[in-house]
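Asker: Mind having a look at this structure? Questions to follow.
Protein chains in written order, with the working numbering: chain W, 431 to 542; chain L, 63 to 177.
Put into structure tokens, the structure is as follows:
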């Protein structure tokens with residue numbers, strides 16, 4: 431099974447609403463990252479949170495990390511139709527030489 | 063000016079053929095990667111090179127051979143293509159590498175279809 435599992439697999443909301451995506455992982459990590467992938471495009475890095483951090487903000491994004499529960503969440507506030515994409519969490523696993531392992535992703539659809 | 067560029071964007075080929083995908087990054091990064099994304103969008107790391115040295119080699123069939131002529135280039139050659147090789151292949155680069163691996167910069171992907 432995968433290091434990162436995301437929940438929900440798909441999320442559909444209206445413009446202006448908040449979107450929350452969750453990521454759980456199994457082993458100790460050095461950092462956790464979130465990426466966005468628009469349809470037919472490459473992945474784009476959104477935010478990185480280190481294992482000793484609990485919360486981070488970047489614009490309309492808020493990421494939390496709970497290492498005791500081995501979970502993270504990505505909150506997008508005041509969503510826009512342009513936020514429609516797949517969102518992936520990725521973890522750099524402790525003691526595995528920097529390998530970045532991706533979760534299965536959440537497909538977010540924001541309806542205008 | 064594209065940071066990570068890979069070519070070609072699309073490949074359609076018959077089973078048994080050999081194909082190559084090229085990747086170049088102009089970010090000055092030491093580390094480059096190949097990832098495979100399947101039809102369910104699952105991304106799996108295949109290889110990683112740090113300064114032309116192979117550092118990650120996941121359980122990938124021997125038919126896949128990466129080559130890094132210099133730290134700005136990482137190519138992927140696939141021999142004897144099989145139906146299951148159909149996927150989108152992404153090249154990426156990062157700096158730094160190691161337990162503090164930071165942001166990965168991805169190319170736009172190369173969609174391989176094996177008929």
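Glycine included, C-beta positions come from ideal geometry on N, C-alpha and C.
Hey, out of 463/W, 473/W, 434/W, 461/W, whose CA is closest to residue 516/W's CA?
Answerer: Position 86 of the first chain, counting from 1, holds the residue named residue 516/W. It is 473/W.
Asker: Starting from residue 437/W, follow its DSSP beta bridges and name the residues at the other end.
Answerer: Indexing the first chain from 1 puts residue 437/W at position 7. For residue 437/W, which the question treats as bridged, DSSP gives the partners 452/W.
Asker: Residue 520/W by DSSP, collapsed to three states: which one?
Answerer: Start at 1 with the first residue of the first chain, and residue 520/W comes out as number 90. In the structure shown, residue 520/W sits in a strand (DSSP, three-state: E or B).
Asker: What are the start and end residues of the beta strand (DSSP E) that includes residue 461/W?
Answerer: Position 31 of the first chain, counted from the first residue, corresponds to residue 461/W. Unbroken beta strand (DSSP E) run through residue 461/W: 459 to 467.
Asker: Against chain W, with Cβ distances strictly below 8 Å, would residue 170/L count as a contact?
Answerer: For the purposes of this step, residue 170/L is identified with residue 108 of the second chain, where counting begins at 1. Yes, residue 170/L lies at the interface with chain W (some Cβ there is under 8 Å from its Cβ).
Asker: Based on Cα-Cα distance, which residue from 436/W, 457/W, 471/W lies nearest to residue 71/L?
Answerer: Here the question's residue 71/L lines up with position 9 in the second chain. Here the closest residue by C-alpha is 471/W.
Asker: Among 164/L, 174/L, 176/L, 139/L, which residue has its Cα nearest to the Cα of residue 523/W?
Answerer: On the first chain, position 93 is the one that residue 523/W refers to. Checking every option, the nearest Cα to that of residue 523/W belongs to 164/L.
Asker: Taking only three categories from DSSP, how would you classify residue 147/L?
Answerer: The residue labelled residue 147/L in the question sits at position 85 within the second chain. Helix at residue 147/L.
Asker: Of all the options 485/W, 484/W, 463/W, 469/W, which has the alpha carbon lying nearest to the alpha carbon of residue 476/W?
Answerer: Position 46 of the first chain, counted from the first residue, corresponds to residue 476/W. Nearest C-alpha to residue 476/W: 463/W.
Asker: Please report the straight-line C-alpha distance between residue 101/L and residue 136/L, rounded to a whole angstrom.
Answerer: Taking the second chain and counting its residues from 1, the one referred to as residue 101/L is at position 39. Taking the second chain and counting its residues from 1, the one referred to as residue 136/L is at position 74. Approximately 24 Å, taken between the alpha carbons.
Asker: Residue 469/W to residue 511/W, Cα distance in whole Å?
Answerer: The residue given as residue 469/W occupies position 39 in the first chain. The residue given as residue 511/W occupies position 81 in the first chain. For residue 469/W and residue 511/W, the distance between alpha carbons rounds to 13 Å.
Asker: Run the CB neighbour count on residue 98/L, radius 10 Å, all protein chains shown included, and call it buried at 16 or more, exposed below.
Answerer: For the purposes of this step, residue 98/L is taken as residue 36 along the second chain, with counting starting at 1. Buried, since its Cβ has 16 or more Cβ neighbours within 10 Å.
Asker: By the criterion of Cβ-Cβ separation under 7 Å, what are the contact partners of residue 487/W in chain L?
Answerer: What you label residue 487/W is simply residue 57 of the first chain in a count that begins at 1. Simply none; closest approach about 17 Å.
Asker: Could you tell me the alpha carbon to alpha carbon distance between residue 442/W and residue 521/W, rounded to whole angstroms?
Answerer: Here residue 442/W is taken as the residue at index 12 of the first chain, counted from 1. Here residue 521/W is taken as the residue at index 91 of the first chain, counted from 1. Residue 442/W and residue 521/W: Cα-Cα distance of roughly 25 Å.
Asker: At 3 residues or longer, what runs of the beta strand (DSSP E) sit wholly inside the stretch 480 to 505 of chain W?
Answerer: With a minimum length of 3 residues, the continuous beta strand (DSSP E) runs that stay inside the stretch 480 to 505 of chain W are 485 to 488, 491 to 496.
Asker: Counting along the chain, where does the beta strand (DSSP E) carrying residue 93/L start and finish?
Answerer: Along the second chain, one-based indexing puts residue 93/L at 31. Where residue 93/L is concerned, the enclosing beta strand (DSSP E) stretches over 93 to 99.
Asker: Within 10 Å of its beta-carbon, does residue 489/W have 16 or more other beta-carbons around it, so buried, or fewer, so exposed?
Answerer: Your numbering for residue 489/W matches position 59 in the first chain. Under this definition residue 489/W is an exposed residue.
Asker: Please list, in chain order, the residues of the stretch 79 to 90 of chain L that have any C-beta partner in chain W closer than 8 Å.
Answerer: Cβ contacts with chain W: none found.
Asker: Excluding the 5 residues flanking residue 147/L on each side, which residues of the same chain have their C-beta closer than 7 Å to its C-beta?
Answerer: On the second chain, position 85 is the one that residue 147/L refers to. The answer, listed in chain order, is 140, 174, 176.
Asker: With a threshold of 8 Å between beta-carbons, can residue 109/L be considered close to chain W, or not?
Answerer: The sequence position of residue 109/L within the second chain is 47, counting from 1. Taking Cβ atoms only, chain W never reaches closer than 8 Å to residue 109/L, which makes this a no.
Asker: Kindly list the residues whose CB is nearer than 6 Å to the CB of residue 94/L, restricted to its own chain and excluding five residues on each side of it in sequence; keep chain order.
Answerer: Position 32 of the second chain, counted from the start, is the residue given in the question as residue 94/L. Contacts found: 111, 136, 155.
Asker: Are the beta-carbon atoms of residue 108/L and residue 96/L separated by less than 8 Å?
Answerer: As a first step, residue 108/L is located in the second chain; it is residue number 46 there, counting from the start. As a first step, residue 96/L is located in the second chain; it is residue number 34 there, counting from the start. Taking 8 Å as the Cβ cut-off, residue 108/L and residue 96/L qualify as a contacting pair.
Asker: If contact means a Cβ-Cβ distance below 9 Å, which residues of the stretch 498 to 521 of chain W contact chain L?
Answerer: The residues in question are 516, 518, 520.
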